[in-house]
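Just so you know, the sequences run in chain order A, B and C. My numbering puts the first sequence at residues 532 to 874. My numbering puts the second sequence at residues 129 to 636. My numbering puts the third sequence at residues 154 to 338. Each residue gets a CB set at the ideal place from its N, CA and C atoms; glycine is no exception.
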Amino acid sequence: MRFKTVTSPHVLADRSVGQVMRRVLYAMTPGIVALVWFFGWGVLINLALATVVALVAEAAVLTVRGKPLALYLGDYSAVTTAWLLAVALPPLAPWWLTTIGVVSAIVIAKHLYGGLGYNPFNPAMVGYVVLLISFPREMSAWLIPYGVGQPHALGLLDTLRIIMGGTGGITLDGLTGATPLDVLRTKLGLGLTVTEIRNSPVFGIVAGHGWEWATLGFLAGGLWLVFTRTAAWQIPVGMLGGLALIATIFHLVDPLRYAPPWFQVWSGAAIYGAFFIATDPVTASTTARGRLIYGAGIGVLVYIIRSFGGYPDGVAFAVLLMNIAAPTIDLYTQPRVFGARSG
Amino acid sequence: MTPPFPFHGGLKTVRHKTESNRETILPGSVPERLVVPLRQHVGAIAKPLVQAGDRVLKGQMIGQPDGYVSAAVHAPTSGRVVAVDQQPVPHPSGLPDWCVTIESDGQDRWIERTPVDYQRMHPSDLRNFVRNAGVVGLGGAVFPSAVKMNLSGHCERLEQLILNGAECEPWMTCDDLIMRERAVEIVAGIHILAHLLQPREVLIGIEDDKPEAIAAMNAACSGTGYQVRPVPTRYPSGGAKQLTKLLTNKEAPVNGRSTDIGVQCFNVATAYTLHRAVAHGEPVISRIVTVTGHIAQPRNIDALLGSSFADLIARCGGYREGVERLIMGGPMMGFAMHSDGVPVTKATNCILAVGADALVEPPVMPCIRCGDCVEVCPANLLPQQLYWHARAKEFDKIQDYHLFSCIECGCCSYVCPSHIPLVQYYRYAKNEIWALEKEKQRAELARRRHQARMERLEREQREREAKLRQKAPPRTASPLDGATAGQSPAEPALAAPASIAVNVERSE
Amino acid sequence: MMMIVAIVALGALAGASGLLLGFAAIRFKIEGDPVVERIDALLPQTQCGQCGYVGCRSYAEAIAAGEADINQCPPGGQGGVAALADLLGRDPKPLDPELGPEKPKMVAVIDEQSCIGCTLCIQACPVDAILGAAKHMHTVIARECTGCELCLAPCPVDCIHMQPISPTITTWKWVYPAAEARAAA
Ligand code: SF4
Ligand code: SF4
Ligand code: SF4
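Right under this line is the structure:
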């Protein structure tokens, strides 16, 4: 009898790339539900549109590159990228905005660099930054949080109509507004103190009204990711720790100009970024110590960009910057090999 | 901290121990034909002492140890030698190797057995006796035990003597069974090791999923001062380095030996064979083999070395339907065999038949750098980085990431969500690096020999010219010129006497 | 004004880069070991003369002197060319096909029945790997044979042939694993 000969091990754990990616999608749902509740159907429409565009783009590139379609579409990596980006877009973003973002993410950021596993930059964040730089106006048109469950909510069809290009006779001006971090930024520029600004209606208990609940949803999902060991705990801990630390320092120095650390951590995309964006394994650091450093770097950069840079939130830029640093961090944080003397 | 001291990484794997450990060890039978490989150990292949046609007795030495790191090979039963030639052996390559084939005469007649009194023997005589009894590590590594019984200056005195009964590989139960049934003899073997190595303490590490073995060993050790230490069930706790860390919190240095930290580690079955050899004069001619997996009645067999895998499987009721892979060793580190027509050797601790249902061969995807492999690597390496460089064939860089600290435990491949055959990449890279190294040495040898030749030719030319100038009659090539080729005084080390040429093939 | 500043700035930048590059060229020049040694170390030492020189060392000297190209050693193969190109900072090029193909390593074997003991092969062997006295059977020291084939031609009875070195259990190597899944794979 002849037998198959292959290398050990001959048993494998029941795991796959698809499983990892699917878990990320599950973990996003609580946050998404909260977003839909406060910001309306647009969130869901964006997600659906992004998913379709991502799958089509992925399939097209895979065909061109001569890769097996079923295998790579089944790894859910394209869908994950699409969702990660879609959640970060304004709920009434026009269809072409979503499309351009997703196509940039999949085609340029992912496949031009070699596809799954080879991209040095987080694809979703590349897509986001492309949009932010090219279409700053559209990207800042966030809805005021009056969602599905709220009075004055836009219906599903109206939302769809707006996204597809028509205004449907509805004037958007009354519906959209600046994001809480925008507000903080502009008003600080006008010389107001943090405490005064935080009395404005866009703010809720801890951070932005409505936003804070979405953040709670993402935190829940993110913790689940960490507990199932799908995401490395060091990255969110490093990032939120770094952000909180630097925010605390500045807040202590000048509490009137610098928002308190809990506000910083709970605002904008910090939690979402810490658990979902920065933890993208392909572009992050892979050593235990490296991940802490990588996360902390993002946290600090986020704070610097928020407080001193040209954009209200800096998660995307911070992640991309640290992506560049990841290989170097890995090089200098190699673990001590078994039996090696100290070090 | 109190023991056990956990090592980094490792896994909880499937167990599958109960399939084969419910029944006692099945005594071996004597097959009609035994194919006994001359290379059953790490080191130089044994020199055959018999020829086709010779009659041999059970326990008679048929292969002599060749050098320090080598071990003897013995006839497992009495009979007639029918061939000394290349036969298939259990090796991942499927290539043949030198074997002595013996046809049994059915009488199973022992050669005269001479037990020795180890307490009165000079240590080096005892080590020689052990080498000639063919005692090697039976945990699978088959390193000649005599070599490990010599501290050779690595430490003054042994701190800990560790007996490895961890048996962390799934499916495998041969050590479990031998500890349950032959604990007293194992302890007798430990006495010999302790006598020779004079350790401060003797620790016996057993994974805590083997309560019967722990109880048996505890009973056998009472009054000896040897300590039975259960360790948590976590693969690869049976790796010598990992077990040492678990029991003593000491790590054998990179590129060093365990004796550098005052530790030496033997498998429990090795201690048993040592006792049989010393106290009964019986060399190693059989071993316990777990036959399990997709087999009618999985069991442990006390099999004669040289019996074929097929014989053993037949004694266990044969294969169940749909066997696809036959593995020697455990599923984590074992080697897939090309056929079941290969003989049991001292390294055959387990024969595992795997059915199609248990075999998943998922497609290989790119590395997503998830770092799961880093988390489980007991050597604390960066497997994804090793993979990256092995894949790019960057053999310099891969050594910067300590490729040679990898123990090939397979933990990284086991967890990899992209199903990358990481261990194969590492084995490939190690083999290439060794081959390149050998090639370099060969080239260096050729370079020096060529240089020596050029110098010799030049010298001869000069001599000829000198003679011509002395108007001496021109000298014709003497018949000895050819024979002394290469014996240039400039390169005495290279002056190869003819006897080397005869040995060359074997010492490769 | 702006333009002048820009030109000056760019000029300064270019100058600085030029200095840096020049410094690097001096600093990182191949030095220490004479180049010949380092080239020789990369050659396979088959000593076959296929490159057109008497042995690898002469070829190394010729390369160092700029007389020979780096693609003339068939036993070294494409890998050897790449290594030389790397050492000398040149572009690798394909092996010169006129000098013979890249072959797997072989070893010479003398048919001991037909050998007449003429010693001609002994004189041809560049590494003195053949043993034997006149009128007595000759034999090749397999470990020292480089597979150069130089002994084949001189043999008057054609009793030497080349044998491929087949892998044994001690020389067998694990193969490079199959790559990631591809389309229609
Ligand atoms: S487990 Fe596999 S996919 Fe993850 S980092 Fe290691 S090699 Fe890459
Ligand atoms: S096989 Fe090597 S790299 Fe992989 S986990 Fe084991 S020791 Fe680490
Ligand atoms: S062709 Fe032959 S002699 Fe010339 S360098 Fe190559 S191996 Fe040496």
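Buried versus exposed call for residue i [16 or more other C-beta atoms within 10 Å across all chains shown]
i: His408 of chain B; result: exposed
i: Gln513 of chain B; result: buried
i: Val784 of chain A; result: exposed
i: Ser232 of chain B; result: buried
i: Val207 of chain C; result: exposed
i: Trp627 of chain A; result: exposed
i: Asp264 of chain C; result: exposed
i: Leu172 of chain C; result: exposed
i: His422 of chain B; result: buried
i: Ile283 of chain C; result: buried
i: Asn730 of chain A; result: exposed
i: Asp253 of chain B; result: exposed
i: Met552 of chain A; result: buried
i: Leu375 of chain B; result: buried
i: Thr594 of chain A; result: exposed
i: Lys338 of chain B; result: buried
Nearest residue (CA-CA) to residue i, options the options
i: Ser319 of chain C; options: C:Ile275, C:Pro257 and C:Cys304; result: C:Pro257
i: Thr473 of chain B; options: B:Cys539, B:Val315, B:Arg241 and B:Ala269; result: B:Ala269
i: Glu287 of chain B; options: B:Arg362, B:Ala261, B:Asp388 and B:Val258; result: B:Asp388
i: Leu750 of chain A; options: A:Thr761, A:Phe794 and A:Phe807; result: A:Phe807
i: Leu195 of chain C; options: C:Cys201, C:Arg296 and C:Arg210; result: C:Arg210
i: Gln203 of chain C; options: C:Pro279, C:Cys312, C:Gly285 and C:Pro187; result: C:Pro279
Listed by chain order, chain B residues near residue i by CB distance under 7 Å
i: Pro197 of chain C; result: Ala571
i: Ala636 of chain A; result: Correct list: empty, because the minimum Cβ distance to chain B is about 16 Å.
i: Tyr329 of chain C; result: Tyr556
i: Gln200 of chain C; result: Ala574 and His578
Contacting residues, own chain, Cβ-Cβ under 6 Å from residue i (five flanking each side not counted)
i: Ala518 of chain B; result: Ile526, Tyr553 and Ala557
i: Met770 of chain A; result: Ala805, Ala809, Gly826, Ile829 and Gly830
i: Gln215 of chain B; result: Val163, Pro224 and Cys227
i: Val275 of chain B; result: Val197
i: Gly573 of chain A; result: Pro622, Leu623 and Thr690
i: Pro159 of chain B; result: Ser435 and Asp439
i: Thr141 of chain B; result: Pro298 and Tyr363
i: Leu687 of chain A; result: Trp572
Same chain, Cβ closer than 7 Å to residue i, five either side skipped, listed in chain order
i: Cys271 of chain C; result: Pro309
i: Ala613 of chain B; result: Legend: pLDDT at Ala613 of chain B = 42, less than 50; position of this residue unreliable, value from coordinates given subsequently. Excluding positions up to five away in sequence, the list is empty.
i: Asn278 of chain B; result: Arg255
i: Ala800 of chain A; result: Ala619, Asp844 and Val846
i: Met493 of chain B; result: Ser546 and His547
Beta-bridge pairing of residue i - partner residues as DSSP gives them
i: Ile320 of chain B; result: In DSSP, Ile320 of chain B forms no bridge with anything.
i: Ala261 of chain C; result: C:Met315
i: His202 of chain B; result: B:Met189
i: Tyr329 of chain C; result: Bridge partners of Tyr329 of chain C: none, in fact.
i: Pro471 of chain B; result: B:Ser436
i: Val356 of chain B; result: B:Ile332
i: Glu231 of chain B; result: B:Arg161 and B:Arg208
i: Ala464 of chain B; result: B:Ile455
Amino acids of chain A, ordered along the chain, whose beta-carbon sits closer than 8 Å to that of residue i
i: Val217 of chain B; result: None at all; the shortest Cβ gap to chain A is about 14 Å.
i: Lys369 of chain B; result: Phe869 and Gly870
i: Cys495 of chain B; result: Gly648
Contacts of residue i in chain A (Cβ-Cβ under 7 Å)
i: Leu509 of chain B; result: Val868
i: Pro224 of chain B; result: Those do not exist, as Pro224 of chain B stays about 15 Å from chain A at its closest Cβ, beyond 7 Å.
i: Gln552 of chain B; result: Thr538
Residue i CB to nearest heavy atom of ligand 5 below 7 Å
i: Leu196 of chain C; result: Ligands present in the displayed structure are limited to ligand 1, ligand 2 and ligand 3, and ligand 5 is not among them.
Chain C residues whose Cβ lies nearer than 8 Å to that of residue i
i: Glu560 of chain B; result: Lys326
Contacting residues, own chain, Cβ-Cβ under 8 Å from residue i (five flanking each side not counted)
i: Arg441 of chain B; result: Looking at the sequence provided, one finds Ile at residue 441 of chain B rather than Arg. Only Val419, Ile423, Tyr447, Asp468, Ile479 and Ala481 meet the Cβ criterion.
i: Thr612 of chain A; result: Ala585, Val633, Ala636, Ile637, Lys641, Pro654, Ala655 and Gly658
9 Å Cβ cut-off: residues of chain B touching residue i
i: Ile318 of chain C; result: Those within 9 Å of Ile318 of chain C in chain B number zero; the least Cβ separation is about 10 Å.
Interface residues of chain B facing residue i [CB-CB closer than 8 Å]
i: Ala809 of chain A; result: Near Ala809 of chain A there are no residues of chain B at all, since even the closest Cβ is about 14 Å away, more than 8 Å.
i: Gly208 of chain C; result: His578 and Met582
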